[in-house]
Every structure is written in C-alpha cells, then in structure tokens.
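Chemist: My structure is below; once you've seen it, I'll send some questions.
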Amino acid sequence: MSENDVTTKKSNASYPIDWTLLGRTVRNIRKRRQLTQKELADLCGLGFSTISHIETAQIHTTIETILLLSDALMVTPNDILEGNYNRKHSRRLAADDEYYMGLGRALADATRDYEHKHKSLT
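Below, the structure is given as structure tokens:
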C-alpha cells in the first residue's frame, strides 16, 4: 500500500454534520453578538451571501470557513459544529452582556462628565 492509498483512505472518513443545526447555531451566535450578516461576512473575509447560505443550510461549508466563523464569533469550532453553544454559554453570555452594558453606561457617564467640565472651563 502506497502513501497515497493511506491518505485517500483517511480522507474518505465520514463525519456527519447537521448543516441545518450548524446554520441555526451560527445565526443565533451572530444575533447574540449583535452582528448583521454583512458585518460577520466582513469579519470573516467572506461574501454576505455566503453567510446567508450557511445560516439557511443552502451550502455545506469547509472547515476553513468554520474556523473563520468561530474566530469572528469568538467561540470554538466545536460550539458551531455541535450546536450546543446556546445551552452551554447562555449564562456566561448573559453575564458578559451585563458587563459590557455596564461598561457602556460608565463610558457614557464619563463622557458626559468630561463634556460638562469642558464646557464650564470655556
């Protein structure tokens, strides 16, 4: 058996992927991150229609694209492939959302204070 035969046999392994679940998971995470399909596409260097087709399971994507998506969405590839992201991370996301909302409020308050002080100095 040549080296090519081994490579061919390894590449014929079948790992079933639920493309509908994958698409729903990408969409749910994207929405949770408050990204549009266009914004996610830009982050990944993909076309807008590619994101749409992935989310609706109209295309079966490559592992490279799954890696790009997981990077842009700040999740692991397994989160996307297994579709368990919402269950596994919902509490952490709620805490993250609250944290970032708090930072946003603090920044808005600091900006308002700065502007108020700056106006009173001029």
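Heads up: the sequence shown begins at 509 in the numbering used here, then just goes up one per residue. Cβ coordinates follow ideal geometry from the N, Cα and C atoms, glycine included. Every value quoted in this text rests on a predicted model; they were computed, and no experiment measured them.
1) Given a threshold of 16 other Cβ atoms within 10 Å of its Cβ, counted over all protein chains shown, does residue 571 qualify as buried or as exposed?
2) Using CA coordinates, which residue listed in 613, 557 and 616 is at the minimum distance from residue 566?
3) Between which two residues does the alpha helix (DSSP H) containing residue 561 stretch?
4) Would you tell me roughly how many angstroms separate the C-alpha atoms of residue 559 and residue 528, rounded to the nearest one?
5) Roughly how many whole angstroms lie between the Cα atoms of residue 563 and residue 585?
6) Is any heavy atom in the ligand SAM found nearer than 7 Å to the beta carbon of residue 616?
7) DSSP state of residue 619, grouped into three classes?
Modeler: In short, the structure shows the following:
1) If you number the sequence shown from 1, residue 571 lands on position 63. Exposed, by the Cβ-count rule.
2) Numbered from 1 along the sequence shown, position 58 holds the residue referred to as residue 566. Residue 557 is the option with its Cα nearest to residue 566.
3) By 1-based counting over the sequence shown, the position of residue 561 is 53. Here the alpha helix (DSSP H) through residue 561 covers 556-563.
4) Counting from 1 along the sequence shown, the entry for residue 559 is found at position 51. Counting from 1 along the sequence shown, the entry for residue 528 is found at position 20. Their Cα atoms are separated by approximately 13 Å.
5) Within the sequence shown, numbered from 1, the residue matching residue 563 stands at position 55. Within the sequence shown, numbered from 1, the residue matching residue 585 stands at position 77. Near 15 Å, if we compare the C-alpha coordinates of residue 585 and residue 563.
6) Ligands are entirely absent from the displayed structure, and the ligand SAM is therefore not among its contents.
7) For the purposes of this step, residue 619 is identified with residue 111 of the sequence shown, where counting begins at 1. Residue 619: helix per DSSP, three-state reduction.
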